[in-house]
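Reviewing the structure listed below.
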Amino acid sequence: MEDHNDIKLKEIDIREIASKIASHKKLYALTLGIAFVISTFIILCVPRYYVCSVKLAPEPTNANMLGNISSLASSFGLNMNNMSSQDAIIPEFYPDVMESVDFQTNMFPVKIETKDKKIKTTYYDYLNKYQKLPWWSSFIGLISGTFKKDDKNDNNIVNPFSLTKKQNDIAQLISRNVKSQVDKKTNVITITVEDQDPLVCATIADSAMIKLQQFIIKYRTSKAMIDLRHAQALCEQAKAKYVKAQETYASYADANEDVVLQSFKSKQDEMENEMQLQYNNYQLMTQQVQLARAKLQERTPAFTTLQSPTVPLKPAGPKRMIFITVVLVITFLGTSVYVYRKPL
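So, in structure tokens, the structure goes:
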């Protein structure tokens with residue numbers, strides 16, 4: 001038993017390892033120095049980026065009718081509100097909405113300005129012309145295709161149904177920079193934007209939040225808006241018929257003011273009744289318009305902004321010191337393995 005323990009201690013002899021490290025100081029100095037220079041050069045070539053997040057809570061579409069059962073279900077990650085929702089697009093689908101081509105192309109014309117005030121343009125042109133790239137990006141081809149010169153087919157017209165190569169690449173870049181997620185328990189929407197400029201980062205976060213709100217409002221009120229427009233059209237028609245009946249009645253009454261024949265009075269009464277009928281119809285349509293407007297207001301969701309966009313003060317990455325430290329640690333361990341296994 002003692003021999004077995006002695007063998008283990010012999011296998012892991014810290015003094016021997018320390019002795020070998022001390023005897024190869026020059027090798028460690030060389031490898032660590034090269035690793036430090038290379039890692040520093042690499043990480044300094046990677047542009048710094050900033051991150052801005054916003055949080056908002058949309059108004060639920062239906063009142064919670066399940067009481068304590070819904071609260072109990074939420075503790076298991078289930079959302080009972082969505083089970084009874086009449087909306088086809090529930091909050092869990094909002095990240096998919098932000099990844100759609102329509103949403104991405106809507107971000108193209110957003111006006112941005114960098115923190116140093118040197119660049120003031122649209123978000124599309126900013127991503128197309130003013131992005132900093134590491135020198136090796138052209139070789140690995142991950143992002144370089146996004147920043148090629150305009151081809152002959154590229155123009156200022158954006159058609160989400162048929163994007164040009166440049167427009168499609170910019171849309172994909174926006175998809176990587178602008179992300180969102182939804183808490184299944186609370187339906188809180190978190191929008192996160194990553195960009196190389198802090199002011200642009202906050203501006204895009206605010207614009208993305210507003211455009212998502214506009215989409216949700218447009219979706220939830222689309223049917224009510226159609227009903228309102230239909231009611232307004234019927235109301236306009238009813239008003240036109242009433243005005244016409246009123247003018248006809250007034251003209252006939254003025255032209256036959258002194259006539260006492262019963263036939264003329266019967267005709268006048270008939271026209272007066274027709275005018276009254278058109279007036280009643282006009283009043284009914286006016287009420288329908290008011291009801292449609294109330295329904296539209298009822299369907300318009302309200303949003304509570306839990307976290308507003310703010311200009312980040314410090315870059316979120318890359319973590320330069322961590323990167324360099326990790327590279328040095330890996331180099332030290334690799335060199336130690338080489339020295340330990342190197343025959344004397």
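Read the sequence shown against this note's numbering and you will find it ends at 344, with the numbers running on by one and no gaps.
Even for Gly, the Cβ is constructed at its ideal location relative to N, Cα and C.
- Just checking, does the stretch 28 to 35 make contact with the stretch 315 to 322 on the three C-beta pairs under 8 Å criterion? no
- Is A208 buried or exposed, if buried means 16 or more other CB atoms sit within 10 Å of its CB? buried
- Looking only at DSSP bridge pairs, what is P58 linked to? F303
- Query: Grouping DSSP H, G and I as helix and E and B as strand, with all else coil, what is K26?
  - Reply: helix
- So, K55 versus V188, is the Cβ gap smaller than 8 Å? yes
- Task: Would you grab the beta carbon distance between P198 and P312 for me? Rounded to a whole angstrom, and I think it's under 8 Å.
- Result: 5 Å
- Item | Integer-rounded CB distance, given that Q104 should sit under 8 Å from Q196 | Their Cβ separation, rounded to whole angstroms, is 19 Å, which puts Q196 and Q104 out of contact at 8 Å.
- Task: Check whether the Cβ atoms of V289 and C235 sit closer than 8 Å, and answer yes or no.
- Result: yes
- By Cβ distance, which residues of its chain are closer than 6 Å to P309, with the 5 residues on each side in sequence left out? C52, V54, A202, A205 and D206
- Item | Contact under 8 Å by Cβ, L173 with L133 | no
- Message: Give me the residue from F36, E59 and D227 with the minimum Cα distance to T186.
- Response: E59
- Task: Mind the definition here: the stretch 327 to 336 touches the stretch 221 to 229 only if three or more C-beta pairs lie below 8 Å; say whether that holds.
- Result: no
- Task: Figure out for me which residue from E92, Q297 and R15 has the closest Cα to the Cα of D183.
- Result: E92
- Under the three-state DSSP convention, the category I226 falls into: helix
- Report all residues from its chain with a CB closer than 7 Å to the CB of F264; omit the five preceding and five following residues, and keep chain order. N256
- Message: Buried or exposed for I210, going by 16 or more other Cβ atoms inside 10 Å?
- Response: exposed
- Report all residues from its chain with a CB closer than 6 Å to the CB of V178; omit the five preceding and five following residues, and keep chain order. V193 and A208
- Query: Heavy atom of the ligand COA less than 7 Å from the Cβ of V289, yes or no?
  - Reply: Among the ligands in the structure shown, none appear at all, so the ligand COA cannot be discussed.
- Message: Checking 8 Å against the spacing of the C-beta atoms, do Y249 and M271 come in under that value?
- Response: yes
- Note down the Cα distance separating P315 from D102, rounded to an integer number of angstroms. 30 Å
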